[in-house]
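Participant: If you scroll down you'll find the structure; I have some questions about it.
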Ligand code: SF4
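Numbering (the working numbering), first residue to last: 12 to 491.
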């Protein structure tokens with residue numbers, strides 16, 4: 012087999028950013044380890060149809076068992092952009108297999124794909140690639156839809172990319188990595204995969220050190236994102252990260268999630284955060300209200316999380332701090348949310364506040380095992396009345412809590428966000444890291460300029476992607 016990996020990760024929430032998807036890089040690493048030739052085409056929607064066809068022709072030539080692997084972690088419908096290229100390739104190479112990964116829900120409207128891998132599926136992919144029996148993963152046979160029902164932490168291990176010179180990295184890149192897979196908690200609203208997972212296999216600090224060192228010394232890359240859902244679920248993950256810095260000739264700028272209530276409850280972690288000096292952090296606070304956060308199985312209202320934020324400010328003055336709040340939760344109230352936002356502003360505890368109305372979803376299709384949160388699965392059990400109003404493959408439910416409903420919470424979130432738009436930004440941590448790595452902002456960014464910066468970033472990242480397309484196309488041409 013010979014593989015061509017087509018990746019597009021930039022058409023989700025932040026089309027104006029420039030960062031690499033770690034799924035495609037991990038796929039490439041595993042295909043190489045299995046002894047098959049492969050290369051990645053990043054940002055395929057930035058290629059013209061003719062450029063893509065030329066690349067495919069140069070790469071496959073007279074190959075008799077080609078595979079096109081498509082990775083679209085944020086916007087599966089991007090595959091439609093490839094429809095004509097895939098139809099042409101299937102005619103040109105009758106034995107071509109087209110496989111797809113990155114989506115969590117099967118969409119039967121997607122054409123020209125032979126095998127769908129739903130959710131986290133490196134272990135499933137390995138079995139498929141190596142011709143092993145995949146019946147235990149099979150959810151549908153035509154097309155073949157595979158999902159992991161039997162996660163093995165020794166097969167689907169933390170991702171640390173191998174950097175290939177044919178991926179044309181440069182100093183503007185942000186690269187992702189994982190220290191551990193999954194999260195040991197199981198918050199009621201959460202749909203991250205592998206929640207409640209007792210996973211002991213973690214990345215080694217030496218591998219991580221080598222990755223950072225190679226990224227910086229070969230390409231000048233200083234910016235990274237840790238893809239772990241909860242890097243501070245244990246102290247060990249943070250210790251591994253810190254250990255990996257030893258002997259580096261630069262300090263990696265890292266963005267990632269953090270559970271604020273755990274940090275508040277474990278003073279030892281404060282010391283680790285002081286040494287790591289993250290570039291930016293996202294806290295899924297959800298609610299500062301004790302009752303509401305308890306119902307979610309978080310403890311943001313219990314420990315003195317305000318004091319923890321204050322301490323973080325002192326020990327990590329350059330770290331950009333983002334807090335996410337959910338509006339509409341049972342046990343919460345408008346006054347409680349408004350007061351907590353006011354306190355955060357008065358004490359300058361966060362650089363960005365993101366407010367989301369509570370979301371409860373239902374899927375009419377096949378989805379990966381973790382895709383439905385406990386709340387999605389049984390809203391009544393958690394005190395929410397729901398009503399389905401759409402037949403889309405994933406539909407947002409109308410819900411009613413003990414003081415709000417979807418429409419009310421949406422309007423309230425907008426109203427609070429609007430009222431604070433000149434006091435604090437609404438940047439996500441990945442957005443912040445992306446805009447900063449493009450040289451457009453620093454941690455003193457004024458809230459009023461954020462929208463202008465987003466527009467500038469779009470132009471800059473588009474030019475970077477087009478420069479990449481040119482180099483990669485020349486690489487393909489050099490093969491013939
Ligand atoms: S919200 Fe965070 S801590 Fe809770 S289960 Fe999800 S990933 Fe884990």
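Every residue, glycine too, gets a C-beta built ideally from N, C-alpha and C.
Here the structure is a predicted model, which is why all the values come from computation and not from measurement.
Would you call the CB atoms of residue 13 and residue 47 closer than 8 Å?
Facilitator: In this structure, residue 47 lies closer than 8 Å to residue 13 by Cβ.
Participant: Whole-angstrom Cβ separation of residue 362 and residue 439, contact assumed at under 8 Å?
Facilitator: That belief does not hold up - the Cβ atoms of residue 362 and residue 439 are roughly 11 Å apart, past 8 Å.
Participant: So if I measure from each beta-carbon to every heavy atom of the ligand SF4 and keep distances below 6 Å, which residues remain?
Facilitator: That query returns the following residues: 194, 196, 197, 198, 201, 203, 206, 240, 241, 270 and 295.
Participant: Beta-carbon separation of residue 472 and residue 17 under 8 Å?
Facilitator: No, they are not a contact pair.
Participant: Whole angstroms are fine: how far does the CA of residue 352 sit from the CA of residue 421?
Facilitator: Taking the straight line from one Cα to the other gives about 16 Å.
Participant: Per DSSP, what kind of secondary structure is residue 2 in: helix, strand or coil?
Facilitator: Only positions 12 to 491 of the chain appear in this structure, which leaves residue 2 out of reach.
Participant: Can you give me the start and stop residues for the beta strand (DSSP E) that residue 226 sits inside?
Facilitator: Where residue 226 is concerned, there is no enclosing beta strand (DSSP E), although the alpha helix (DSSP H) it sits in stretches over 216-230.
Participant: So, residue 316 versus residue 369, is the Cβ gap smaller than 8 Å?
Facilitator: It is not a contact, given that the beta carbons lie outside the stated cut-off.
Participant: Here's a check: name, in chain order, each residue in its chain whose Cβ is nearer than 8 Å to the Cβ of residue 280, leaving out the five neighbours to either side.
Facilitator: Counting only Cβ-Cβ distances below 8 Å, and skipping sequence neighbours, we find 243, 246, 249, 273 and 274.
Participant: Is there a Cβ of chain B sitting closer than 8 Å to that of residue 475, yes or no?
Facilitator: Absent here is chain B; the protein component of the structure consists of one chain.
Participant: Rank 91, 133 and 33 by C-alpha distance to the C-alpha of residue 119 and give the top, closest one.
Facilitator: The shortest Cα separation from residue 119 among 91, 133 and 33 belongs to 91.
Participant: Within a Cβ cutoff of 7 Å, which residues of the same chain sit near residue 398, ignoring the five residues on either side of it in sequence?
Facilitator: Hits under 7 Å: 408 and 409.
Participant: Residue 264 and residue 223 look like a contact to me (Cβ under 8 Å); what is the Cβ gap, rounded to whole Å?
Facilitator: That belief does not hold up - the Cβ atoms of residue 264 and residue 223 are roughly 11 Å apart, past 8 Å.
Participant: How far does the beta strand (DSSP E) with residue 111 in it reach, from first residue to last?
Facilitator: Per DSSP, residue 111 belongs to the beta strand (DSSP E) from 108-112.
Participant: Taking DSSP as the reference, what is the three-state secondary structure of residue 50?
Facilitator: Strand.
Participant: Excluding the 5 residues preceding and the 5 following residue 360 in the sequence, name in chain order all residues of the same chain whose CB lies nearer than 6 Å to its CB.
Facilitator: If we look at residue 360 and ignore the five residues flanking it on each side, its Cβ neighbours are 320.
Participant: Tell me the DSSP secondary structure of residue 420 in three-state form.
Facilitator: Three-state result, residue 420: helix.
Participant: Using CA coordinates, which residue listed in 210, 143 and 21 is at the minimum distance from residue 167?
Facilitator: Among 210, 143 and 21, the Cα nearest to that of residue 167 is on 210.
Participant: Note down, in chain order, each residue of its chain lying with its Cβ closer than 6 Å to the Cβ of residue 302, except the 5 sequence neighbours on either side.
Facilitator: So the list reads 342, once near-sequence residues are dropped.
Participant: On the DSSP letters alone, give me the boundaries of the alpha helix (DSSP H) that residue 474 sits inside.
Facilitator: Segment 461-488, the alpha helix (DSSP H) holding residue 474.
Participant: Please say whether residue 66 and residue 378 have beta carbons closer to each other than 8 Å?
Facilitator: No, they are not a contact pair.
Participant: How many angstroms separate the CA atom of residue 202 from the CA atom of residue 131?
Facilitator: Approximately 13 Å between the Cα atoms of the pair.
Participant: In the DSSP assignment, find the unbroken alpha helix (DSSP H) run with residue 94 in it and report its ends.
Facilitator: Start and end: 94-103.
Participant: Taking C-beta to C-beta, are residue 155 and residue 125 nearer than 8 Å?
Facilitator: For residue 155 and residue 125, yes; Cβs fall inside 8 Å.
Participant: State whether the segment 204-218 contacts the segment 176-196, with contact taken as three or more CB pairs (one from each stretch) at a distance under 8 Å.
Facilitator: Judged by Cβ distances under 8 Å, the segment 204-218 makes contact with the segment 176-196, as three or more pairs qualify.
Participant: Counting C-beta neighbours from all protein chains within 10 Å, is the total for residue 401 16 or more, i.e. buried, or is it exposed?
Facilitator: By the neighbour-count rule (16 or more Cβ atoms within 10 Å), residue 401 is not buried but exposed.
Participant: Would you be able to state if there are at least three C-beta pairs under 8 Å between the segment 472-486 and the segment 58-65?
Facilitator: The segment 58-65 is in contact with the segment 472-486.
Participant: By DSSP, does residue 368 sit in helix, in strand, or in coil?
Facilitator: Here residue 368 sits in strand by DSSP.
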